[in-house]
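Those protein sequences? They're chains A and B, same order as listed. Position one of the first sequence corresponds to residue 0 (numbering that gives the first Met the number 0), numbered consecutively onward. Position one of the second sequence corresponds to residue 0 (numbering that gives the first Met the number 0), numbered consecutively onward. Positions of the beta carbon are idealized from the N, C-alpha and C atoms, including for glycine. These numbers come from a predicted model, not from an experiment. Please read the structure below before turning to the comments.
There are 2 protein chains.
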Amino acid sequence: MSKVITPQEQDYSQWYNDLVIKSGLADYSAVRGCMVIKPYGYGLWEKMRDALDKMFKDTGHVNAYFPLFVPKSLFEAEEKNAEGFAKECAVVTHYRLKADPNNKGKLMVDPEAKLEEELVVRPTSEAIIWNTYKNWIQSYRDLPILVNQWANVVRWEMRTRLFLRTAEFLWQEGHTAHATEQEAWEEARKMLDVYAEFVEEYMAVPVIKGIKTANERFAGAVETLCIEALMQDGKALQAGTSHFLGQNFAKAFDVKFSDKQNKLDYVWATSWGVSTRLIGALVMAHSDNSGLILPPRIAPLQVVIVPIYKGDEQLAMITEKVKPIIQQLKDMGISVKYDNSDNARPGWKFAEYELQGVPVRMAIGARDIENNVAEIARRDTKEKQSVSLDGIAFYIKTLLDEIQLHLYQKALRFRADHTTTVNTWDEFMEVLDGKGGFVSAHWDGSSETEDKIKELSKATIRCIPFDAAEEPGQCILTGKPSKQRVLFARAY
Amino acid sequence: MSKVITPQEQDYSQWYNDLVIKSGLADYSAVRGCMVIKPYGYGLWEKMRDALDKMFKDTGHVNAYFPLFVPKSLFEAEEKNAEGFAKECAVVTHYRLKADPNNKGKLMVDPEAKLEEELVVRPTSEAIIWNTYKNWIQSYRDLPILVNQWANVVRWEMRTRLFLRTAEFLWQEGHTAHATEQEAWEEARKMLDVYAEFVEEYMAVPVIKGIKTANERFAGAVETLCIEALMQDGKALQAGTSHFLGQNFAKAFDVKFSDKQNKLDYVWATSWGVSTRLIGALVMAHSDNSGLILPPRIAPLQVVIVPIYKGDEQLAMITEKVKPIIQQLKDMGISVKYDNSDNARPGWKFAEYELQGVPVRMAIGARDIENNVAEIARRDTKEKQSVSLDGIAFYIKTLLDEIQLHLYQKALRFRADHTTTVNTWDEFMEVLDGKGGFVSAHWDGSSETEDKIKELSKATIRCIPFDAAEEPGQCILTGKPSKQRVLFARAY
């Protein structure tokens, strides 16, 4: 398989696909719109999942598991939610195959095994979960319920892209139930902060926190909070959402609780999720034409050591020298691979680990040992340095921290350079068609105007940032009055 | 909700259902045959999954993820496999719902969104995975592939039981590809050993390793290896299987590799899996009429400390005393909960933690502190003992190890007492209808006889144990010659 990757400048979209496939993150599958997450990609997902899972547990959440299927009658109970997802539902209608009498060796759907009620493959689990919570909640003593689920979901998308938009994807979905509106709001907001912390501190991708407009809101939510990230091609990507669901699902599924005064009320709800889409964001936020660039904190492999040798004797000497360094790295919790395989030349190995985005590479040869040094290369800047073997493990540990920080700062700088404040429609279009990025502009607050802007510019309102100052102005399209700026961008 | 559990002696099956539901492991759902795994049950599954995952990784395996759906044409490629699972396949036929024009607010399957090719919800993933491996394998250098997947699968069962037999369940499925027959055989055998080690050392359930007869073989396998466990009601339970698939799937999906001599050959395969069914086995192997009994190594919570106090002052004093003990336990990697909640009396708490099977309970009151002791109760034997506070954390650690060992030995003794060698049909039926358990008997080796025995006795051949000695004899049903004994039982 050729490992040549289309350069970003030439075709960003093709660069992305090449990179995802050639670095071994994922592969297309025989199922329309579904992908195979390959071991390297899944290893990355495990690192992300484990970090998130710990953050969820540290904030008091527990995991559970609910059915893959949602009976149609439950699915349609919350009308807005059902309407929003109806168009992309995979539907199970039969429960048996049988031998095809007209086609030896082939199977056909058994018409006698038709389900009385169709089952929707979950596109999201509010319906099945709130139907369950109904049995779990009687009194305020049963609240809050702070449950998360790691699961696969299916949304039948017509245009798919590896990780970014696939018919089936892996995600986590938190579903919480509360006695008061305020508590639910605080939960929704808290989980957005957890997501932001994860994306910034682990993925090294800065995000804008804000609130979605009505047009972009989750179907069935009262409000949707989001974090928005910027990719290197100037397009935005929604990296996570946290929904305040009000009492919508409690009403749809008749979930009431008696409070301390023995008064019955509907339960308040939130839901929040991030998915394997984050892997797409990670790739597009940092990587280059040589391959992936992975932040050390979530890289499946943080350090690779490549011996440069001729003959077994030199290899043995290098191995002897390297052993205690590997042990020291492991003791510091750093993942390290010693690649002494003899089926590839060092140069080939270097290119391969660059492609895979391993943050730090150490190369060491016989001459280096004489000089008590090794060559340390960092993946992000590709800088190489000759480093003394004395204390080299600690040097590497510090370097990993530096790379993590550098990636974040670089992305932050990029975002600052690609966030533009505009006041007219011409400026707006000029920025979008030019350098891209986030565009801060006034909007009159109506869904119609938002639709019209989207139609004309292909840009959407990514969010109303939490930190947006009150500032009167005029809508870039209609000239009508506006109270504050919102953040537009073309987006994935 | 009443926490009364039907006694085992009265109705074992009802006892099991009561226990699973009332201890908070799982719940029924609105979807026929599917269950909700509640937080406590999922916590248990996480402990089991994490232990297994580590064992898989320690033996060189990596995780990946393949699509939930299998196109019908791929599903039917390996005929035996397809035939075996066709009768229990959930089938997706449509990809969209739409508003029902005759039923306001309701949805209907959109007849215009019919899939060209139906998609089977995976009952197992050999087909989709081998269709993928075809692209991954060209040469012996690409082998072995040692991949595992954690996933949900669906098998449309008519009679379901929580954990033991559900339409959807969680499992792991290993799928490996090898250059030689011997290597594949060794892999299949190795993973059976991994399963046996896990079930015995973590779940404290002894197992018999053996090989399945042709009747009981996995559809599409050349041979199926299994581990069989014995439940407290004398019925057997298949706890895990590891399949040597030969070249069956490689041939069905045309997966060839060139060996070192550049000769093309089909790839050799194994697959192996365990599922949430193990939780059912765990419950039935150890628990009693008061609730669950969980082995310390996989108990989500290992130690609970309950203060016995009157007033805040006493509670503060106890808390002060208990704090360093909690810290010591945590430092030793022991999970501990200090239940100082004031919404329940100690007696109620004791019953609740017994129901949940927490291995060790420590109760401590003001008088105890005066005497520098605490009361330690172990869940398995319900023995209580007054233990000096000096070094009590270490005492608890040792006790946890002792409980783990004791549970295993008790189960081992039970199995020995319930494994009977018989030589005649009358003896065979007498044992099955009497004390139950494993029955070691001669069988003439034919599938017809095996079927007949099953029909007459409801017992199946659980396996031909690896350690069965060659011993000539006569089939208990037909009197025909037999070379060795096999293990029969009525089974879950």
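Express the C-alpha separation of residue j and residue i in angstroms, rounding to a whole number.
i        : j        : result
B/Leu476 : B/Glu426 : 11 angstroms
B/Val193 : B/Thr175 : 15 angstroms
B/Asn80  : B/Tyr139 : 26 angstroms
B/Tyr491 : B/Gln327 : 42 angstroms
B/Ala268 : A/Ile36  : 20 angstroms
A/Glu351 : A/Ile325 : 21 angstroms
A/Ser445 : A/Gln246 : 25 angstroms
B/Leu227 : A/Gly59  : Sequence check: residue 227 of chain B is Glu here, not Leu. About 38 angstroms.
B/Met0   : A/Asp253 : For B/Met0, the pLDDT reaches just 44, beneath the cut-off of 50, and the residue's location in the model is therefore unreliable, although a value from the coordinates is still provided. Each residue's Cα considered, the two are about 19 angstroms apart.
A/Tyr407 : A/Val204 : 6 angstroms
A/Gln403 : A/Leu293 : 9 angstroms
A/Phe162 : A/Pro38  : 14 angstroms
B/Ile210 : B/Pro464 : 6 angstroms
A/Gln313 : A/Ala365 : 6 angstroms
A/Gly42  : A/Asp400 : 21 angstroms
Note down, in chain order, every chain B residue with its Cβ under 9 angstroms from the Cβ of residue i.
i       : result
A/Pro70 : Ala29, Val30 and Arg31
A/Lys97 : Ala85 and Lys86
What residues of chain A sit near residue i, judged by a beta carbon separation below 8 angstroms?
i        : result
B/Tyr94  : Glu87, Cys88, Ala89, Val90 and Trp155
B/Lys457 : Here the premise fails: no neighbours, minimum Cβ distance about 25 angstroms.
B/Leu169 : Tyr64
Just checking: is the beta-carbon of residue i within a distance shorter than 8 angstroms of some beta-carbon in chain B?
i        : result
A/Tyr337 : no
A/Asn151 : yes
A/Glu447 : no
A/Ile36  : yes
A/Pro110 : no
A/Leu18  : no
A/Thr131 : yes
A/Pro66  : yes
A/Ile127 : yes
A/Ala268 : no
A/Val273 : no
Along the chain, where does the alpha helix (DSSP H) that runs through residue i open and close?
i        : result
B/Lys564 : Past the boundaries of the shown model lies residue 564 of chain B; chain B is included only from 0 to 491, so the question cannot be answered.
A/Phe427 : Trp424 to Asp432
B/Thr131 : Glu125 to Trp135
A/Glu470 : From DSSP, A/Glu470 is part of no alpha helix (DSSP H); its letter is neither H nor E.
B/Asp57  : Pro38 to Asp57
B/Trp14  : Tyr11 to Lys21
B/Ala85  : Glu78 to Ala85
A/Leu145 : Looking at the DSSP string, A/Leu145 is not in any alpha helix (DSSP H); the run it does join, the beta strand (DSSP E), is Ile144 to Val153.
Mind checking which residues open and close the beta strand (DSSP E) that includes residue i?
i        : result
B/Leu388 : From DSSP, B/Leu388 is part of no beta strand (DSSP E); its letter is neither H nor E.
A/Leu236 : Ala235 to Gly245
B/Gly272 : Trp267 to Ser274
B/Lys453 : Element bounds for B/Lys453: not the beta strand (DSSP E) but the alpha helix (DSSP H), Ser446 to Ser456.
A/Lys97  : Leu96 to Ala98
B/Lys113 : Lys113 to Val120
B/Phe487 : Arg484 to Ala488
B/Lys255 : Lys255 to Ser257
Since residue i meets chain A, which of its residues come closer than 7 angstroms, beta carbon to beta carbon?
i        : result
B/Lys105 : Glu75
Could you name the residues of chain B that residue i contacts, counting a contact when the two beta carbons are closer than 7 angstroms?
i        : result
A/Phe256 : Residues of chain B passing the Cβ test: none, with the nearest at roughly 15 angstroms.
Which residues in chain B have a C-beta closer than 8 angstroms to the C-beta of residue i? List them in chain order.
i        : result
A/Leu43  : Residues of chain B passing the Cβ test: none, with the nearest at roughly 11 angstroms.
A/Val61  : Pro38, Tyr41 and Gly42
A/Val193 : Correct list: empty, because the minimum Cβ distance to chain B is about 19 angstroms.
Using a beta-carbon distance below 8 angstroms, is residue i in contact with chain A?
i        : result
B/Glu117 : yes
B/Val303 : no
B/Glu78  : yes
B/Val146 : yes
B/Val120 : yes
Starting from the beta carbon of residue i, find every residue of chain A whose beta carbon is closer than 9 angstroms, and list them in chain order.
i       : result
B/Asp26 : Thr131, Asn134 and Trp135
Strictly below 7 angstroms CB to CB, what residues from chain D border residue i?
i       : result
B/Ala81 : Chain labels in this structure do not include chain D; the protein chains are A and B.
Check whether the Cβ of residue i lies closer than 7 angstroms to any heavy atom of the ligand ATP, and answer yes or no.
i        : result
B/Val153 : The model on display carries no ligand, and the ligand ATP is accordingly not part of it.
Extract the residue ranges of the beta strand (DSSP E) inside the stretch 331 to 382 of chain A, only unbroken runs of 3 or more that lie entirely within it. Taking only runs of at least 3 residues, the beta strand (DSSP E) segments lying wholly in the stretch 331 to 382 of chain A are 335 to 337, 359 to 364 and 372 to 377.
Tell me the start and end of each unbroken alpha helix (DSSP H) in the stretch 168 to 230 of chain A that is at least 4 residues and wholly inside, in chain order. Unbroken alpha helix (DSSP H) runs of no fewer than 4 residues, entirely contained in the stretch 168 to 230 of chain A, are found at 180 to 200, following chain order.
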